[in-house]
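Trainee: Once you know that position 479 of the first sequence is 479 in the working numbering, the rest is easy, because the numbers rise by one and skip nothing.
Take a look at the following structure, please.
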Amino acid sequence: MRLSQSFIPTMRQDPGEAEVISHRLMLRAGMIRKVATGIYSYLPLGLRVIRKIETIVREEMNRVGAQELLLPILSPAELWKETDRWDFYGKELVRLQDRHDRDFCLGPTHEEVITDLFRREVRSYRQLPLTLYQIQTKFRDEIRPRFGLMRSREFIMKDAYSFDRDEAGAQQNYQRMYDAYCRIFSRTGLQFRPVEADTGLIGGISSHEFMVLANTGEELIVFDPDSPYAANVERAEVVPPPAQEPSELKPLEKVSTPNAKSVEDLCALLNIEASRVVKTLFYQTAEDTITGVLIRGDHQANEIKIQRFLGLHDLTLASPELVAKITTAPVGFVGPVGLSHVRILADNAIAALTDFIVGGNEPDVHLLNVNATRDFAVHDWGDFRQAQAGDPSPRTGNPLQTARGIEVGHIFLLGTKYSEKMGATFLDAGGDSHPVIMGCYGIGIGRIAAAAIEQNHDEKGICWPMPIAPYQAQILPVTSSEAVRLASEQLYDELCQHNIEVLLDDRNERGGVKFNDADMIGTPYHIIIGDKGLARNTLEIKDRKTGEKVLLPPDQVTAWIKNAVTQELVRSKRKEKE
RNA sequence: CGGGGCGUAGCGCAGCCCGGUAGCGCGCCUGCUUUGGGAGCAGGAUGUCGGAGGUUCAAAUCCUCUCGCCCCGACCA
């Protein structure tokens with residue numbers, strides 16, 4: 001491609017709208033342009049990257065026997081009503097009506113559509129197992145789209161669905177996908193980590209997320225540095241602390257704590273550690289009913305765990321009004337003592353605490369030397385808090401560490417959740433009908449591109465890993481003589497003939513402009529052609545990432561580049577075999 | 001959904017408080033010179049000041065409404 005004829009609108013200045021590096025660089029390198037909040041056009045350069053990622057994903061999907069199809073973007077409300085997701089999905093589901101006022105939505109995911117296809121077409125166990133996938137644009141009306149392609153409302157996703165006749169087969173399929181995902185992310189040149197994840201409302205038996213490690217990641221994970229254990233904090237189990245030896249308990253005591261509404265206030269006022277405080281969170285669990293959850297002051301409640309324990313799907317904190325009505329105390333001063341009419345759950349950490357501090361159920365009062373059982377009843381003990389750095393690993397007991405990650409893939413073993421609701425069944429060898437066992441497997445294509453930039457850039461711009469680079473080499477004629485022009489043209493032809501994806505910067509620009517654009521775009525190899533070099537019969541090849549330079553006679557450049565590109569592509573493929 | 005901020009030339013911004021000819025830098029066009037890390041000189045084009053309504057002799061500027069965008073938060077007591 002000749003830059004003079006290409007549509008690669010690079011920007012000299014940082015656009016005001018972009019926060020994170022990947023978003024800024026995608027805009028500046030002319031890869032994407034915004035159309036509306038969370039909605040982007042992919043310009044030629046961006047599309048090339050997307051296509052390369054898609055190709056890798058396709059190769060690995062096909063390799064594990066998944067077959068590609070394409071489901072529609074628009075799907076009828078009826079299917080979504082069958083699984084109740086028409087209501088559950090909430091505002092994130094983009095709904096619209098056709099001219100006959102029939103309800104439709106833009107697919108945020110395709111379990112319903114694929115399950116419908118399955119139940120119409122598949123009858124017999126002989127047709128199983130079956131894995132289908134597509135690469136399709138999805139729509140989710142995110143609360144707050146941000147960071148460019150990282151969290152957008154319209155995005156490209158690879159979604160695969162597996163159908164098995166039994167649990168063992170489904171597990172096998174799940175494992176095959178897990179392995180395929182590892183290969184995909186290795187091949188795209190990303191540093192990633194599979195982590196145990198919550199199955200969320202999608203439900204099911206097991207789930208893993210694939211996290212690209214990056215400080216700008218929106219997800220928090222905990223990992224055990226000495227074992228493969230890693231989990232999303234939403235999911236990570238917290239090991240209960242060892243039981244305490246019974247000891248002499250101090251008598252309950254009231255203390256005046258004016259305006260100390262938060263744990264922080266209270267600690268400052270009483271000069272104590274947050275770990276001595278127990279906060280009482282109230283969730284509305286039915287109309288006019290609240291459930292209290294006791295969490296140590298320095299811990300964070302994990303609503304997903306509480307939700308799962310209570311068997312609810314939308315847990316919300318009770319309003320201050322409701323809390324005040326039921327407990328007769330203002331929020332900030334509510335505690336479990338004397339609240340026998342409210343169901344109280346307590347996090348396991350509380351069991352190891354004695355003589356702690358809770359709200360006193362009157363304004364500006366807290367209680368000291370409170371002890372569970374002696375002073376109040378706990379209805380249920382459990383793991384209700386979020387894991388944090390330093391907690392013991394559930395596998396080895398070593399202290400866990402935390403890291404930020406970008407979720408680029410998520411796999412679920414669904415079980416029969418959708419097949420049962422939608423009547424997707426098959427007949428076994430004995431003629432009995434069973435709901436098919438499903439799995440679903442997603443990869444954010446655009447998000448991989450963004451994550452790759454987060455991991456591979458410097459102050460000058462992007463440093464693409466070879467397998468997903470939009471172009472493999474870029475020729476920079478940095479002086480304007482006829483000799484340089486001819487040498488550039490000749491090299492360009494040669495590289496094209498050898499199937500190297502090459503950009504020729506034939507614009508009438510000064511060297512500096514070309515250097516800066518090439519660095520920003522991030523082509524892995526830059527070939528610099530100038531009069532100085534030609535006089536010595538050399539061209540300069542620069543490795544974008546390392547900055548290393550090689551001087552070569554013009555007639556050796558093509559072979560060198562061809563070899564280097566091939567090596568890098570082979571290396572990325574080999575990595576996944578290890 | 002709540003709070004804050006911003007919409008002025010393709011991009012980045014000033015002007016708005018205190019109403020009176022719409023500006024700056026970059027980019028763009030023409031010409032000449034230049035050409036190994038975002039060139040110099042000369043000349044030039046470009047705006048429904050996000051939109052609607054209002055106040056006023058006069059509105060980018062004041063008032064009301066509206067749309068779009070950005071950031072933070074969305075209940076951890």
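Glycine included, C-beta positions come from ideal geometry on N, C-alpha and C.
With a cut-off of 8 angstroms on the beta carbons, I'd call I521 and L491 a contact; round off their distance for me.
Mentor: As a working mapping, residue 521 is identified with position 521 in the first sequence. As a working mapping, residue 491 is identified with position 491 in the first sequence. At roughly 18 angstroms, the Cβ-Cβ gap does not stay under 8 angstroms, so I521 and L491 are not in contact.
Trainee: Should H457 go down as buried or exposed, given a rule of 16 or more other Cβ atoms within 10 Å for buried?
Mentor: As a first step, residue 457 is located in the first sequence; it is residue number 457 there, counting from the start. Buried: at least 16 other Cβ atoms inside 10 Å.
Trainee: Given that a residue counts as buried once 16 or more other Cβ atoms are within 10 Å of its Cβ, and exposed if not, what is L294?
Mentor: Your numbering for residue 294 matches position 294 in the first sequence. L294 should be labelled buried.
Trainee: Straight-line CA distance for I344 to R447?
Mentor: Against the first sequence, residue 344 aligns to sequence position 344. Against the first sequence, residue 447 aligns to sequence position 447. Distance between the alpha carbons of I344 and R447: 41 angstroms.
Trainee: Determine the contact status of R187 and E60, defining contact as a CB-CB distance below 9 angstroms.
Mentor: The residue you call residue 187 lines up with position 187 of the first sequence. The residue you call residue 60 lines up with position 60 of the first sequence. Yes, they are a contact pair.
Trainee: Which residues does DSSP pair with A230 in a beta bridge?
Mentor: Here the question's residue 230 lines up with position 230 in the first sequence. Its beta-bridge partners are F223.
Trainee: Cβ atoms of M211 and A449: under 9 angstroms apart, would you say?
Mentor: Reading the first sequence from its first residue, position 449 is the one you call residue 449. Reading the first sequence from its first residue, position 211 is the one you call residue 211. Not closer than 9 angstroms, so no.
Trainee: Specify the secondary structure class of H410 as computed by DSSP and reduced to three states.
Mentor: Against the first sequence, residue 410 aligns to sequence position 410. If DSSP states are grouped into helix, strand and coil, H410 belongs with the strands.
Trainee: Could you give the C-beta distance for G359 and G409, rounded to a whole number, given that I count them as a contact under 8 angstroms?
Mentor: Here residue 359 corresponds to residue number 359 of the first sequence, with the count starting at 1. Here residue 409 corresponds to residue number 409 of the first sequence, with the count starting at 1. So it is not a contact: roughly 43 angstroms between Cβ atoms.
Trainee: R308 and A349 - do their beta-carbons sit closer together than 9 angstroms?
Mentor: Residue 349 sits at position 349 when you count from the first residue of the first sequence. Residue 308 sits at position 308 when you count from the first residue of the first sequence. No.
Trainee: Could you check how far apart the C-beta atoms of T280 and G292 are, in whole angstroms? I think they sit under 8 angstroms.
Mentor: Locating residue 280 in the first sequence gives position 280, where the first residue counts as 1. Locating residue 292 in the first sequence gives position 292, where the first residue counts as 1. Indeed they touch by this definition, with Cβ atoms about 5 angstroms apart.
Trainee: Using C-beta distances below 8 angstroms, list every residue in its chain close to E420, excluding the 5 sequence neighbours before and after it, in chain order.
Mentor: Mapped onto the first sequence, residue 420 falls at position 420. Answer for E420: P435, listed in chain order.
Trainee: By DSSP's criteria, F104 is part of a beta bridge. Which residues make up the other side?
Mentor: Looking up residue 104 in the first sequence gives position 104. Per DSSP, P76 and L96.
Trainee: Tell me whether I272 sits in a helix, a strand or coil according to DSSP, three-state version.
Mentor: Here residue 272 corresponds to residue number 272 of the first sequence, with the count starting at 1. If DSSP states are grouped into helix, strand and coil, I272 belongs with coil.
Trainee: Do G148 and I50 have their C-beta atoms within less than 9 angstroms of each other?
Mentor: Residue 148 sits at position 148 when you count from the first residue of the first sequence. Residue 50 sits at position 50 when you count from the first residue of the first sequence. No, Cβ-Cβ distance for G148 and I50 is not below 9 angstroms.
Trainee: Closest by CA to E237, which one among G382, T285 and V331?
Mentor: To locate residue 237, count along the first sequence from 1; it is residue 237. Out of G382, T285 and V331, G382 has the C-alpha closest to the C-alpha of E237.
Trainee: For V570, is the classification buried or exposed, using 16 other Cβ atoms within 10 angstroms of its Cβ as the cut-off for buried?
Mentor: In the first sequence, residue 570 corresponds to position 570, counting from 1. V570 should be labelled exposed.
Trainee: Going by other Cβ atoms of all chains shown within 10 Å of its Cβ, with 16 needed for buried, is H379 buried or exposed?
Mentor: As a working note, residue 379 is residue 379 in the first sequence. Exposed: under 16 other Cβ atoms inside 10 Å.
Trainee: Suppose the cutoff is 8 angstroms on Cβ atoms and the five residues either side in sequence are ignored; what does the same chain contact list for Q300 look like?
Mentor: For the purposes of this step, residue 300 is taken as the residue at position 300 of the first sequence. Taken in chain order, the residues that qualify are R385, Q386 and Q388.
Trainee: Can you give me the C-alpha to C-alpha distance between Y525 and S262, rounded to a whole angstrom?
Mentor: One-based indexing of the first sequence puts residue 525 at position 525. One-based indexing of the first sequence puts residue 262 at position 262. About 56 angstroms.
Trainee: Is it the case that the Cβ atoms of A329 and P363 are separated by a distance below 9 angstroms?
Mentor: As a first step, residue 329 must be located in the first sequence, where it is residue number 329. As a first step, residue 363 must be located in the first sequence, where it is residue number 363. Yes, the Cβ-Cβ distance between A329 and P363 is below 9 angstroms.
Trainee: Tell me, which residues are paired with F356 by DSSP?
Mentor: In the first sequence, the residue the question calls residue 356 occupies position 356. According to DSSP, which records beta bridges pairwise, F356 is partnered with V370.
Trainee: Quick check on this structure: which residue in L552, I561, A518 and I541 has the alpha carbon closest to the alpha carbon of P9?
Mentor: In the first sequence, residue 9 corresponds to position 9, counting from 1. When only C-alpha atoms are compared, the closest one is A518.
Trainee: Could you check whether N232 and E196 sit closer than 9 angstroms to each other, using their CB atoms as the reference points?
Mentor: On the first sequence, residue 196 is found 196 positions in, with the first residue counted as 1. On the first sequence, residue 232 is found 232 positions in, with the first residue counted as 1. Yes, they are a contact pair.
Trainee: Kindly indicate the opening and closing residues of the beta strand (DSSP E) around Y283.
Mentor: Taking the first sequence and counting its residues from 1, one reaches residue 283 at position 283. Segment V278 to A286, the beta strand (DSSP E) holding Y283.
Trainee: Tell me which residue opens and which closes the alpha helix (DSSP H) that R308 is part of.
Mentor: Taking the first sequence and counting its residues from 1, the one referred to as residue 308 is at position 308. Unbroken alpha helix (DSSP H) run through R308: E303 to L310.
Trainee: Report yes if the C-beta distance between E154 and T137 is below 9 angstroms; otherwise report no.
Mentor: The residue given as residue 154 occupies position 154 in the first sequence. The residue given as residue 137 occupies position 137 in the first sequence. Contact flag set, yes.
Trainee: Three Cβ pairs or more, each shorter than 8 angstroms: is that satisfied between the stretch 156-165 and the stretch 124-135?
Mentor: These segments touch.
Trainee: Check whether the Cβ atoms of I541 and L551 sit closer than 9 angstroms, and answer yes or no.
Mentor: In the first sequence, counting from the first residue as 1, residue 541 sits at position 541. In the first sequence, counting from the first residue as 1, residue 551 sits at position 551. Going by C-beta atoms, I541 is nearer than 9 angstroms to L551.
Trainee: How many whole angstroms separate the CB atoms of V142 and D198, which I take to be in contact at a CB cut-off of 8 angstroms?
Mentor: Reading the first sequence from its first residue, position 142 is the one you call residue 142. Reading the first sequence from its first residue, position 198 is the one you call residue 198. According to the sequence as given, residue 142 is Glu; it is not Val. Contact doesn't hold; Cβ gap of about 19 angstroms is too wide.
Trainee: When DSSP builds the beta bridges, which residues end up paired with A158?
Mentor: In the first sequence, counting from the first residue as 1, residue 158 sits at position 158. First, the residue type needs correcting, since residue 158 is Lys and not Ala in the sequence shown. Answer is I135 and I443, bridged to K158.
Trainee: When DSSP labels each residue in this structure, what does D458 get in the three-state scheme?
Mentor: Residue mapping note: residue 458 aligns to position 458 of the first sequence, counting from 1. DSSP places D458 in strand when its eight states are reduced to three.
Trainee: If you run the structure through DSSP and keep just helix, strand and coil, what is S6?
Mentor: Walking along the first sequence from the start, residue 6 turns up at place 6. Note: S6 maps to coil in three-state DSSP.
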